[in-house]
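Chains B and H, in that order, are what the protein sequence lines are. Per numbering that gives the first Met the number 0, the first sequence starts with residue 0, numbered consecutively. Per numbering that gives the first Met the number 0, the second sequence starts with residue 0, numbered consecutively. Ideal Cβ positions, reconstructed from N, Cα and C, are used throughout, including at glycine. Remarks on the structure that follows.
There are 2 protein chains.
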Amino acid sequence: MTPSTTGGGRRGLTAAAVPDLVAAARDGQSRAVGRLLSLVEDESPLLPEVMRALAPHVGHARIVGLTGAPGVGKSTSTNALVAELRRRGDRAAVLAIDPSSPFSGGALLGDRIRMTDHAGDPGVFIRSMAARGHLGGLSWTAPQAMRVLDGVGFDVVLVETVGVGQSEVEIAGHADTTIVLLAPGMGDGIQAAKAGILEVGDLYVVNKADRDGATKVRRDLRAMLALAERPEHVWRPPVLLTTAATADGVPAVADALGEHRAWLESSGELERRRVRRVRDEIEAVALGALRRRWESVGAGGRLEELARAVVAGETDPYAAAESLLPG
Amino acid sequence: MTPSTTGGGRRGLTAAAVPDLVAAARDGQSRAVGRLLSLVEDESPLLPEVMRALAPHVGHARIVGLTGAPGVGKSTSTNALVAELRRRGDRAAVLAIDPSSPFSGGALLGDRIRMTDHAGDPGVFIRSMAARGHLGGLSWTAPQAMRVLDGVGFDVVLVETVGVGQSEVEIAGHADTTIVLLAPGMGDGIQAAKAGILEVGDLYVVNKADRDGATKVRRDLRAMLALAERPEHVWRPPVLLTTAATADGVPAVADALGEHRAWLESSGELERRRVRRVRDEIEAVALGALRRRWESVGAGGRLEELARAVVAGETDPYAAAESLLPG
Chain B
0 MTPSTTGGGR RGLTAAAVPD LVAAARDGQS RAVGRLLSLV EDESPLLPEV MRALAPHVGH
60 ARIVGLTGAP GVGKSTSTNA LVAELRRRGD RAAVLAIDPS SPFSGGALLG DRIRMTDHAG
120 DPGVFIRSMA ARGHLGGLSW TAPQAMRVLD GVGFDVVLVE TVGVGQSEVE IAGHADTTIV
180 LLAPGMGDGI QAAKAGILEV GDLYVVNKAD RDGATKVRRD LRAMLALAER PEHVWRPPVL
240 LTTAATADGV PAVADALGEH RAWLESSGEL ERRRVRRVRD EIEAVALGAL RRRWESVGAG
300 GRLEELARAV VAGETDPYAA AESLLPG
Chain H
0 MTPSTTGGGR RGLTAAAVPD LVAAARDGQS RAVGRLLSLV EDESPLLPEV MRALAPHVGH
60 ARIVGLTGAP GVGKSTSTNA LVAELRRRGD RAAVLAIDPS SPFSGGALLG DRIRMTDHAG
120 DPGVFIRSMA ARGHLGGLSW TAPQAMRVLD GVGFDVVLVE TVGVGQSEVE IAGHADTTIV
180 LLAPGMGDGI QAAKAGILEV GDLYVVNKAD RDGATKVRRD LRAMLALAER PEHVWRPPVL
240 LTTAATADGV PAVADALGEH RAWLESSGEL ERRRVRRVRD EIEAVALGAL RRRWESVGAG
300 GRLEELARAV VAGETDPYAA AESLLPG
């Protein structure tokens, strides 16, 4: 219940040891990378030290989001893409955001299943992470985990989410490039449009291309994308076909990632996306700090007291919020 | 881009007119209720006035969350449940949280389709609302919309969400009672467990009970619920079967809602849930106000300036956040 103390304490880490841990992680030691990510997950009080040490090294990695509904083959696609990126000489980290509830430890089993494909390859790091609640799915832990993986020297950080609505929009806000994965037989075009995927994808990949209906999904998707109004000279998202299980089509996905990267850089969009992402990060950190302050002042907290007054009909949330704010 | 001015301005509403609008809404005028909800959606600067006027009347409604994956029959179930509640004399409001992206106006079409069933009944109010991004799906607009519908006098406020992971957890935090809807053929038990639904439901309803596999879904779900550790004397979620299209089984759902309500009151859990919900509301309002402050100070905003420094590797999000906070 007090992550701010257990985070550092459980592992016996002190602020003085942070630079060595960061150096070990940057040296390619997976265990050290894992410990840094655990500090993020635990909201450790050492995070400010960690981030200060990493700051000069952040900004190298290409951050790639991969999202899609359950059943489209996200894990298989991620594995195949990582294998392809390895062939091209990139060190790749995978952050799989697990939609399990914050109450259960569902993320761990997934890790063990995933590790087997790339076991023993120090150029691949895979970690599942539970989606964190309060300030909205991705906005707290995931961006900081992405920052760590970037700062310790991976060339590509792949962030995999179960994309339904909100989480897709959020990941698009945090990735340089967002891949939306679909598959035949997973619902019609209207559902796709409803989930908002037409606005967030930089690349669309129709997986399970060996199944009936894949080319129809591609055709429908292209038609829908063509309807979306886009100004001239912007990126027009390609729609690719893959069979991730056999790696068919995966090299073309890696190529398209490179093309999108080149466009991001030449258009200035990379800088814009990164500034936006960091704004969200700073806000999330600041808001988290304020929340801890509000919850910890006095017996039960000032916030608790105000909430009881609102429930009793004595005041309202706006007046209560006003009384919490400085100045 | 500046909802704080368009909200009031577009409709020509002044602070002085708020009490009359609230009175009209409490008098059962659907148009007035709709205008109040528009103020919530627009984040109008008049919201503090609205909430102050409503404060003494809030707390009467039973807030019921209804969540389930796409395709389980949420709209049909909501309609059938509303019809049953009407037969029992309750005035019912439905808030359908639309997972459409914040960029598209997807919520509106849904409204028109839904209205037809209860058209002309002043005891039913139905509104779709886009899920709002930044501070996490439900946490900003939906709770305030629920507060409005409660304050204007509905007996039941039904909040319908497409439940996949995060949003289920959030709605459970905001409803007095959460109904989790399932259907045969929508995925196996492991997926159900993965989405965290076993922790959030107060009532489980297996819809489309006329299809093959419904009783198996119920059996599996009961087995999984039995595995979950629950202390003695807590609520044990029932698993009911319905065919919403024909209203079969729907009266039993309404009965179960009443039983859960009685338990909530006798156990003190109602008060606990409501205080928790209001805490989140106050926080969301306070954090929103702070964010607006950070974003509006100076050219492009202090936050933007800090974000650029972080992207340039000159500082990190923690140090940047620290410099934003008072004291």
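Beta-bridge annotation (DSSP): B/G64 is paired with B/V158 and B/T177. Under the Cβ distance rule, H/M145 does not count among the residues neighbouring chain B, no pair being separated by less than 7 Å. Think of a sphere of 8 Å around the beta carbon of B/Y203: no beta carbon from chain H falls inside it, the nearest being about 15 Å out.
The shortest C-alpha to C-alpha distance from H/V284 to any of H/T77, H/A54, H/Q143 and H/R272 is the one to H/Q143. B/A91 is classed as buried because its beta carbon has at least 16 other beta carbons within 10 Å across all chains shown.
For H/A92, the enclosing beta strand (DSSP E) begins and ends at A91 to D97. Taking each of H/V238, H/W293, H/A306 and H/V81 in turn and checking the Cα distance to B/A54, the smallest one comes out for H/A306.
In the DSSP assignment, B/A129 falls within the unbroken beta strand (DSSP E) covering V123 to A129.
DSSP places H/D19 within a helical segment (H, G or I) once states are collapsed to three.
B/E280 belongs to the set of residues whose beta carbon lies under 7 Å from a beta carbon in chain H. The C-beta of H/H59 has fewer than 16 other C-beta atoms within 10 Å across all chains shown, which makes the residue exposed. The count of Cβ pairs closer than 8 Å, one atom from the stretch 145-163 of chain H and one from the stretch 17-26 of chain H, reaches three, so the stretches are in contact. For H/D120, the secondary structure class from DSSP, reduced to helix, strand or coil, is coil. B/V238 has B/Y203 as its beta-bridge partners, per DSSP.
With respect to B/L256, B/V205 sits apart: the two C-beta atoms are not nearer than 7 Å.
Classified as buried, B/S43 has 16 or more neighbouring CB atoms from the shown chains inside 10 Å of its CB. Going by C-alpha positions, H/R210 is about 22 Å away from H/L224. Of the candidates B/L80, B/A95, B/A79 and B/T66, B/A95 places its Cα closest to the Cα of B/L36.
The CB of B/A285 comes closer than 7 Å to the CB of A320, L323 and L324 in chain H, given here in chain order.
Legend: CB atoms of the stretch 302-318 of chain H lying less than 7 Å from CB atoms of chain B belong to residues L302, E303, L305, A306, R307, V309, V310, G312, T314, D315, P316, Y317 and A318. H/V151 has a beta carbon lying at 7 Å or more from every beta carbon in chain B.
The beta carbon of H/V63 does not come within 7 Å of any beta carbon belonging to chain B, so the residue lies off that interface. Straight through space, the alpha carbons of H/L45 and H/T13 are spaced by roughly 8 Å.
Under the criterion of beta carbons closer than 8 Å, B/L220 and B/V199 do not qualify as touching, at roughly 13 Å. The straight-line gap separating the alpha-carbon atoms of H/W234 and H/W262 is approximately 7 Å.
Residue contact with chain H for B/V71: absent (no Cβ-Cβ distance below 7 Å to any residue of chain H). Of all residues in the stretch 34-54 of chain H, only L46, P47, M50, R51, L53 and A54 come within less than 8 Å of chain B when Cβ atoms are compared, listed by chain position. Of all residues in the stretch 12-23 of chain H, none places a beta-carbon less than 7 Å from a beta-carbon of chain B. One finds V309, V310, G312 and D315 in chain B with Cβ atoms closer than 9 Å to the Cβ of H/V57, taken in chain order. Take H/A52, set aside five residues on each side of it, and the residues of its chain with a beta-carbon closer than 7 Å to its own are V17, P18 and V21, in chain order. In this structure, DSSP gives H/D247 an extended state, which the three-state scheme calls strand. Pairing H/G119 with H/R85 gives a Cβ-Cβ distance that is not under 7 Å. Shown in chain order are the members of the stretch 250-273 of chain H whose Cβ falls below 9 Å from a Cβ of chain B: E270 and R273. Comparing alpha-carbon positions, the option among B/L226, B/A244, B/A31 and B/K207 lying closest to B/V81 turns out to be B/A244. For H/A182 against H/G72, the beta-carbon gap comes to about 6 Å, under 8 Å, which counts as contact.
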